[in-house]
Amino acid sequence: MSEMPSAARSIRRRVSTEEIAEQPPRASAYVCEAASCMSAQAHDITVRLGERAAEAGLTDVLIKRVGCLGLCAAGPLVEIAETAQLFERVKPDDVEGIIKALKKVKSTDTRQPQGPFFEKQLRVATENLGRIDPESLDDFVGRGGYEALKRVLSEMTSTDVREEITRSGLRGRGGAGYPTGLKWTTVAKAQGAQKYVICNADEGDPGAFMDRSVLESDPFSILEGMAIAAFAVHASEGYIYCRAEYPLAVSRLRLAIRLAQRAGFLGAGIADTSFNFDVQIRLGAGAFVCGEETALIASVEGRRGTPRPRPPYPAVQGLWDCPTLINNVETFANVGAILRKGSEWYAGIGVGKSKGTKVFALAGRIVNTGLVEVPMGMTLREIVYDIGGGLIDGRPFKAVQTGGPSGGCIPAQLLDMAVSYESLIEVGSFMGSGGLIVMDDTSCMVDVAKYFQDFCREESCGKCVPCRVGTTQLYMLLDLITRGEATLDDLAQLERLAGIVQKTALCGLGQGAPNPIFSTLRYFRDEYLAHIVDKVCPAGVCTITPAEVTA
Amino acid sequence: MTTVFTLQIDGRDVAGSEGQTVMEVAEENGIDIPGLCHLEGIHDRGACRLCMVEIAGTPKLAAACMTTIVEGMDVTAHSERLLEYRRAITEMMFVERNHVCAVCVANNHCELQDMAADLELTHFDLPRISPKVDIDASHRLFAIDHNRCILCLRCVRVCDEIEGAHTWDVMNRGLDTRVQTDMGIPWGDSTTCTSCGKCVQVCPTGALFEKGRAVASGSKRQRPFLPWLKVVKEERGQ
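Chains as they are written, first to last, in this note's numbering: chain F, 116 to 666; chain W, 1130 to 1367.
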């Protein structure tokens, strides 16, 4: 980002929204500049489009950088906003075609359906993704941004805000699903003159990129959500704990914080009221465990990022021993919409105790790799086949992994299950932050369990014995199985040890580490047995060398 | 005025003051809850997981050393299940590095060895991990053999909280976790170490030992010297 060619800089000025506000454009091309499309040279497309539009004398045309358009598999993406025409896998040579399409746009044109990937989604937390320039505060405000904060500060008491969030039924989107309103109330009622709000943006599950996309595409909504939360719990300082592996998200957040401060939406006397709140960014140093709230707090304080036993919970005793509210990126992204549209509207979406929507990152052997947001209660089949477009090369579906290293694998017979916090736990998985990894018949489930165990043992902080030693022991047993050297006794040992680690580990990382083993054993035990008894890997992934026959 | 709570530990009615931990109340009442990272006089960290107890009404186990008592609490500190877990955790400690009691200075004076005896361990089911680790004998008086370290971090805490030197700290993570002196330099080169030897005294195993000691001769002082030091420190108003 920092090494931008000078040509690009002038284009950026030309596309700034202030000039557009004077005269609405007749046609606009939205170029996705989130990390995935950026890595496929999307910024060159923006520059080229700007140059070509200028050369063609198109003065009533807007070329705009936007956040994630969702269909990451087909990037770089360009959308003609007026007609919803989507250009996929755009190369520099395709720019002429887009210019032609821009010329044809008429003022009577309306957005046409874009196919099931887009039409079956319901955008709440991601409503601004792919719509606004993530580096423009005006763009955010133009889409209703900061309306909620202004109304909260001028018309509502902190109790009103907490009640509204409680009524909406919003639950923690980091995965555990703790009721957000209850958490806010706990922090508000906790004793302490100084309180803090922390946004957990330490997204680390393999295959998950929801938080990254939201931060890269709509950073202001997080700042607005945090400011509303701070008002509701009487906090005046906030931190965003973001992993350093997300440089684009961090740079956009930094810019957003500066712009919001300048416009009076952060800092002292927000929106001309007496409410003060400011936000700082803290970068993680590549430790998965720092997504666990007590480890995260230790890391923000500048200490070694290791968890501590709870209680006391951070809501009572958190950052520097002060009451601290910690919510995930996606949770904060929902707050503005809930206060704008009302808790009843939000509670009307979803199923059972799981209200609202959930953002999922589709990954693995699925056609439409990308970012989707669906109402709770949608079935896995709809997500995988209708939205996700099914499996690559039409291969048979084997399992979908949710919840990251603490989650589980859900087999084909459960595809018609409605997705909610409760239903996922019932089938031995976990909502998690929203990574959804689809696997076909080329995946060996023992190997999958081994992969996640390897991840956990690598990421164990080393504080408690069951996690430090236990995850390695579990990994060694799984390795033995995949090499075809295990016995049925080893399998029994695996199950016993997994139970002990789950029950005795200090934090969620260790307690959740055995989950992939439990869920694969529950649904794919025959694969374990094939490795152990028949010395074969049914999926053909593991290399099992036949034992030498000794005379 | 402190509030006094009554509670049950293993079916026995006991009383404790507000703010006390389950471990403290159990100790006062002669109920032995095992633990290797816990040591009276320094802060608890709940890391060894040997003191895990069952508390009626909560589904998860709790570390007795970090759980404060409440009125009417019903604690089970000894059960078949807890014994199985404690054995497994002790076994994990043994197989993690390289514990060979026969050639250890702490033989017969080792809390890990005592733990194995108390829990009646007879053999190991788990394979040894035994990574190659270093011995640092650069200090004039003491040495550390990381093979015998169980990462209880008593040395780190006593050095920081009692001696105030903070020579010891922790580096790396997972199985690579090690205690270190002064940001990873040899102990003998440490400029902060006061050579007070408290770390050696509190080490539950033979990881930290006085130079010149041979097998089984590494006996340590009677443990409760820390609470005394703590009282002295507080009286001096530090």
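Where a beta carbon is used, it is the ideal one built from N, C-alpha and C, also for glycine. Note that this is a predicted model, so its numbers are computed, not measured.
Query                                                                                                                                                                                           : Result
Give a yes or no on whether the C-beta atoms belonging to residue 559 of chain F and residue 610 of chain F are separated by under 9 Å.                                                         : no
Would residue 402 of chain F pass as an interface residue toward chain W - the criterion being a Cβ-Cβ separation below 9 Å?                                                                    : yes
What residues from chain W crowd round residue 102 of chain F, counting only those whose CB sits closer than 9 Å?                                                                               : An answer regarding residue 102 of chain F cannot be provided, because it is not within the stretch 116 to 666 covered by chain F.
If you draw a straight line from the C-alpha of residue 572 of chain F to the C-alpha of residue 589 of chain F, how long is it?                                                                : 9 Å
Please compile the residues from chain W whose C-beta is within a distance smaller than 7 Å of the C-beta of residue 615 of chain F.                                                            : 1214 and 1217
Under 8 Å: do the segment 630-638 of chain F and the segment 435-450 of chain F share three or more Cβ pairs, one atom per stretch?                                                             : no
Give the interface partners of residue 1258 of chain W over in chain F, defined as CB-CB distance under 9 Å, in chain order.                                                                    : 584, 587, 588 and 591
Name the chain W residues whose beta carbon is nearer than 8 Å to that of residue 520 of chain F?                                                                                               : Per Cβ cutoff of 8 Å: no residues; residue 520 of chain F is ~14 Å from chain W at best.
Does residue 358 of chain F have its Cβ less than 9 Å from a Cβ in chain W?                                                                                                                     : no
Name the DSSP bridge partner or partners of residue 292 of chain F?                                                                                                                             : In the DSSP output, where bridge partners are listed per residue, residue 292 of chain F has none listed.
With hydrogens ignored, establish whether the beta-carbon of residue 509 of chain F is closer than 8 Å to any heavy atom of the ligand NAD.                                                     : The ligand NAD is absent from the structure shown, which contains no ligand whatsoever.
Please confirm if the segment 1267-1282 of chain W is in contact with the segment 1305-1316 of chain W, defined as three or more CB-CB distances below 8 Å between the two stretches.           : yes
Assuming residue 359 of chain F contacts residue 398 of chain F under a Cβ cut-off of 8 Å, what Cβ separation, rounded to an integer in Å, is found between them?                               : 4 Å
Are there 16 or more other CB atoms within 10 angstroms of the CB of residue 519 of chain F, so buried, or fewer, so exposed?                                                                   : buried
Do residue 425 of chain F and residue 348 of chain F have their C-beta atoms closer together than 9 Å?                                                                                          : no
Does DSSP put residue 579 of chain F in a helix, in a strand, or in coil?                                                                                                                       : coil
Please classify residue 1135 of chain W as buried or exposed, where buried requires at least 16 other C-beta atoms within 10 Å of its C-beta.                                                   : exposed
Evaluate residue 1303 of chain W with the Cβ neighbour count: other Cβ atoms within 10 Å of its Cβ, from every protein chain shown; 16 or more gives buried, anything less gives exposed.       : buried
Show which residues of chain W have a CB atom less than 7 Å away from the CB atom of residue 608 of chain F.                                                                                    : 1254
Per DSSP, what are the beta-bridge partners of residue 1339 of chain W in this structure?                                                                                                       : W/1271
Starting from residue 619 of chain F, find everything on chain W with Cβ-Cβ shorter than 7 Å and list it in chain order.                                                                        : 1178, 1181, 1190, 1214 and 1218
DSSP has residue 1136 of chain W in a bridge; who is on the other side?                                                                                                                         : W/1143
CA-CA distance, residue 480 of chain F and residue 1253 of chain W?                                                                                                                             : 42 Å
Could you tell me which whole beta strand (DSSP E) segments of length 3 or greater appear in the segment 1175-1259 of chain W?                                                                  : 1181-1184 and 1203-1205
Have a look at the DSSP bridge pairing and note the partners of residue 490 of chain F.                                                                                                         : F/472
Please classify residue 179 of chain F as buried or exposed, where buried requires at least 16 neighbouring CB atoms within 10 angstroms.                                                       : buried
Taking all protein chains shown into account, do 16 or more other C-beta atoms lie within 10 angstroms of the C-beta of residue 1220 of chain W, making it buried, or fewer, making it exposed? : buried
Can you tell me the Cα-Cα spacing of residue 458 of chain F and residue 283 of chain F, whole angstroms?                                                                                        : 4 Å
Can you tell me whether DSSP reads residue 1326 of chain W as helix, strand or coil?                                                                                                            : coil
Using C-beta distances below 7 Å, list every residue in its chain close to residue 341 of chain F, excluding the 5 sequence neighbours before and after it, in chain order.                     : 312, 314, 353, 394 and 447
Name, going along the chain, the residues of the segment 555-576 of chain F whose beta-carbon falls closer than 7 Å to a beta-carbon of chain W.                                                : 572, 573, 575 and 576
Are the Cβ atoms of residue 1273 of chain W and residue 1337 of chain W separated by less than 9 Å?                                                                                             : yes
What is the C-beta distance between residue 238 of chain F and residue 247 of chain F, in whole angstroms, given that I count them as a contact (C-beta under 8 Å)?                             : The Cβ separation is near 13 Å, so there is no contact.
Whole angstroms is fine: what's the gap from residue 333 of chain F's alpha carbon to residue 150 of chain F's?                                                                                 : 13 Å
Quick check on the DSSP output: the beta strand (DSSP E) that includes residue 618 of chain F runs from which residue to which?                                                                 : Run containing residue 618 of chain F: none in the beta strand (DSSP E); it sits in the alpha helix (DSSP H), 603-619.
Helix or strand or just coil, what does DSSP make of residue 630 of chain F?                                                                                                                    : helix
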